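Have a look at the structure below, then the notes.
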Amino acid sequence: MLYAEKINSIKYQGLLYMSPMLAGEVTNIQEGDTLDLSKLNKAILALYNQGYFKDVYATFDKSILIFHFTEKPRVASIEIKGYGTEQEKETLYTQMGIKKGDTFDEQKLEKAKNTLKTILEYQGYYGTVVETDITPVTNDGAYAIVLNVNRGDNIIIRKATYEGREKLKKKDLESLSANKQRDFMGWMWGLNDGKLHLNELEYDSLRIQDVYMRHGFLDANVSSPFLDANFSTYSANLYYKIVEGTQYKVSDVEINIDDEVVPISKLLKSIKIKKNEIFNIENLRADTQILKREVADKGYAFAVVKPDLDKNEAEGSTKVIYHIQVGDKVHISDVIISGNTRTSDRIIRREILLAPGDQYSLSKVNDSENALRRLGFFDNVKIEERRVSSDAMDLLVSVQEGRTGQLQFGLGYGSYGGLMINGSVSERNLFGTGQSGSVYANISTGTGQSYNGIRNSGRQFSGNISLSNPRIFDSRYSGSANLYANYYVNYQYVEQSGGFGITAGRLITNTLRASLGYDINVTKTFNFSSPLYERYYASDKQIVGNDLSGFARGIWNKDYHIPIASSITPSINFDNTDDYYFPKNGIIASAYAQFNGLGGNVRNTKLYAKFAAYYHLKKLIGLDFIARYKAQGGYIFRYSPQDFMAINNTFYMGGVSTIRGFQSGSISPRDVYGLWVGGDGLFTNSVELSYGILEAAKMRISGYFDYGFITYKGYSKDNKTADFQDYGVPKRGYEHLEWRAATGIALEWVSPMGPIVLVFPIKVFNKQPGDYTSNFEFTMGTRF
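Residue numbers for the sequence shown follow numbering that gives the first Met the number 0, beginning at 0 and rising by one.
See the structure below:
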């Protein structure tokens with residue numbers, strides 16, 4: 000009988016996408032088995048249930064069992080056309096449930112279309128049509144699928160009604176809502192466009208209630224939203240019913256703590272909620288974190304803060320009570336580092352303010368995370384806490400290595416330097432040791448601009464070799480050295496310089512460093528645009544004093560002395576920001592005093608300071624705005640009027656680091672012969688507002704306003720007449736001030752080549768005759 004015969008061989012015909020080995024495991028029938036029809040039927044059913052086949056059957060002849068397969072077609076490719084960026088499409092592909100390599104299934108394809116339409120509806124697009132284009136690409140049944148999207152229109156909320164609203168303004172009520180009434184001229188940037196966001200609608204009533212609680216209405220009740228949509232006009236009306244209730248003031252604040260590890264008086268001073276003020280739920284949330292930090296900084300990592308309210312509705316007041324459960328004092332059991340493929344563990348560990356055995360501190364955990372970000376070595380940094388026992392925890396430090404080095408040779412074009420040819424090898428994390436080094440050479444052809452038709456300004460040949468170690472032998476001491484040379488064609492003269500410098504410093508705190516540097520350089524300035532200067536530069540007559548006409552610097556008779564500046568420079572730097580390239584919060588400040596005269600023949604003192612403050616506004620307004628304020632200032636003191644002052648050591652304005660919209664270094668006092676000679680004093684400051692447009696690409700756009708001034712000594716009170724004696728110092732001098740201002744926008748991007756800023760000036764203020772302005776500027780390699 001057929002069912003009693005022995006199976007000598009098993010074959011699989013038409014099997015393409017499943018291996019014979021896997022098919023054999025599914026059937027559970029092997030060569031040498033006796034043919035069993037019931038077992039064979041189960042095997043055929045099991046193969047069919049795999050979902051890969053249209054048909055499966057078996058034949059048995061001459062002891063050979065053959066399984067015959069008709070496989071379902073496959074998806075060779077799937078593509079969305081008519082909607083979305085590449086990044087958006089990648090997200091859509093994962094949500095649709097169909098991908099390359101899947102078996103083709105009409106029901107699965109229909110489900111993918113419906114999913115795509117649903118996603119678009121959640122994004123606010125209604126009436127979307129998705130059509131499919133299916134093309135066979137092989138003879139064995141593989142299809143290329145194209146989903147052609149005819150995106151629908153947005154539904155606009157023309158009117159939002161808040162029935163029962165009396166004590167709060169409508170704009171306040173909608174401050175947190177995703178769905179709100181369209182503003183007049185809502186198409187303009189910064190105004191509400193009124194587009195319906197269906198996926199956010201169910202949460203808006205809670206957001207409105209939160210607004211009420213921020214204004215003290217603890218009993219406010221907001222109904223679920225009712226949306227009246229008209230799909231023929233793509234417009235809608237939105238309705239809420241609100242019961243506002245009583246507005247509460249804070250009658251008293253009480254803190255109950257089971258172990259007073261921090262004095263209650265100190266805790267009361269640290270919190271935001273104050274007696275007799277309108278209650279604000281945001282302050283209550285902030286206080287919970289503040290109190291936890293205060294206690295956790297004493298080592299009690301697992302402290303719990305539970306706020307409570309004792310309301311008196313009749314009086315419209317509430318008592319705020321914070322219950323704090325301290326728990327056990329916690330020590331660090333271990334610090335576990337992961338993700339560092341290049342950077343040594345010790346480089347990361349030395350930035351972490353907690354080590355095994357140390358008492359836990361929440362502030363030190365947060366400060367350690369910020370310190371690692373400030374290094375600029377990592378794209379992502381995260382420190383997590385893992386509880387080991389009631390009195391011990393591990394710190395899990397996870398980093399993602401970023402690009403810290405560059406090997407580059409290329410061409411570029413600058414708004415001042417013209418065509419640039421540069422080659423460099425630079426590394427901020429040399430061999431993963433935390434040290435930085437660079438070898439750099441640059442050639443700039445200049446923009447072709449000239450002063451009085453004489454020269455091609457901006458041309459430059461420069462080179463620099465530098466090496467820096469911020470933590471020598473992992474100590475708090477630092478050291479650096481650099482060797483440099485430069486040949487530079489300015490608007491009005493040629494400058495040739497070279498020298499070297501060394502610096503030693505010490506990290507005083509995690510955010511404060513003090514340094515002391517020594518530098519020696521030789522600077523020669525020649526080929527002035529004014530023939531008068533050239534004549535006296537070439538003469539054998541010593542130039543008397545500091546200049547020819549009262550404040551022209553930098554001219555040193557070639558037969559007299561070559562200017563050699565030997566200086567010592569103490570400096571101090573502070574940085575507590577939370578990121579290297581895009582700080583969101585914190586302060587960067589630095590100051591130095593350069594004392595020229597420690598040897599050499601140049602004597603003066605230069606004071607200079609910079610300041611930058613950052614604040615992330617997202618926690619206030621819910622949008623990714625960063626407010627920035629930057630300022631810099633300095634002054635040069637000469638020991639006597641006869642002391643030489645190199646032109647390149649004075650102050651100039653213009654360019655991306657001072658007043659944008661004016662060309663680099665082009666704002667300068669001039670003598671009576673038109674030479675730009677720089678100022679004795681400088682102050683510039685900028686107010687910026689930066690918005691994140693592509694977080695994944697680290698790209699932002701900012702608006703700015705720059706203002707600054709230069710001070711200098713002139714010849715007369717009105718600075719119109721030259722009052723000097725025989726090419727010497729002026730008979731008398733007056734302090735003058737020149738100011739400029741500008742506004743515009745800038746595109747900021749951390750590109751694969753490094754940080755890039757593209758500046759588009761809009762308007763400059765107080766432009767004077769002869770000022771050089773620019774319509775576009777850019778810079779690379781600077782922090783934002």
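The C-beta atom is built at its ideal place from N, Cα and C for all residues, glycine as well. Note that the structure is predicted; figures quoted are calculated from it, not measured.
Check	Outcome
Which of helix, strand or coil DSSP assigns to F636	strand
The region 677-688 in contact with the region 630-638 per 3-pair CB rule at 8 Å	yes
Residue environment, G356, which counts as buried when at least 16 other CB atoms sit within 10 Å	exposed
Straight-line gap, S689 to F661 (C-alpha atoms, nearest Å)	21 Å
Presumed contact (8 Å Cβ cut-off) between H787 and D390, rounded CB distance	Because the chain is modelled from 0 through 783, residue 787 falls outside the range shown and cannot be assessed.
Per-residue DSSP class, three states only, for Q495	strand
Ranges of the alpha helix (DSSP H) found wholly within the region 582-640, counting only runs of at least 4	617-620
First through last residue of the beta strand (DSSP E) which encompasses Q767	Segment: none, Q767 is in no beta strand (DSSP E) and carries neither H nor E.
Closest by C-alpha distance to T778, when choosing among I755, V334, T568, P668	I755
I331 - partner residues in DSSP beta bridges	M392
Cross-strand partners of M652 (DSSP beta bridge)	I666
Cα-Cα separation, K179 to E281	22 Å
Beta-carbon proximity list for I263, same chain, < 8 Å, skipping 5 on both sides	I254, I256
Closest by C-alpha distance to F775, when choosing among K766, Y211, V655, L736	V655
Reduced DSSP secondary structure (H/G/I, E/B, other) of N48	coil
The region 167-185 / the region 197-215 touching (three or more Cβ pairs under 8 Å)	yes
Nearest-angstrom Cβ-Cβ length linking I272 and E162, presumed shorter than 8 Å	Incorrect: roughly 31 Å between the Cβ atoms, too far for contact.
Simplified DSSP assignment, three categories, for A22	helix
Inter-residue Cα distance where the pair is N147 and A611	50 Å
Rounded C-alpha distance that separates Y771 from S589	30 Å
Close-in-space but distant-in-sequence residues of the same chain around L14 (CB under 6 Å, 5 per side omitted)	F68
Straight-line gap, D333 to S388 (C-alpha atoms, nearest Å)	12 Å
Beta-carbon proximity of L374 to Y607, cut-off 8 Å	no
Three-state class that DSSP yields for L167 in the structure shown	coil
Euclidean distance between Cα positions of K10 and N113	41 Å
Integer-rounded CB distance, given that G678 should sit under 8 Å from G664	About 12 Å; that fails the 8 Å criterion.
Exposure label - A354; buried when at least 16 CB within 10 Å	exposed
Short Cβ contact (8 Å threshold) for E368 with I382	yes
Three-way DSSP call (helix, strand, coil) for R431 in this model	The sequence as given places Gly at residue 431; Arg does not occur at that position. It is helical.
Cβ pair count under 8 Å reaching 3, the region 209-224 against the region 236-251	yes
Q29 - DSSP class collapsed to helix/strand/coil	coil
The alpha helix (DSSP H) enclosing R213, as first and last residue numbers	197-213
Inter-stretch contact at 8 Å, needing at least 3 Cβ pairs: the region 733-742 / the region 703-710	yes
Where F472 sits in the DSSP three-state scheme	helix
Helix, strand or coil at Y121 according to DSSP, with G and I counted as helix	helix
Three-state secondary structure (DSSP) of A313	coil
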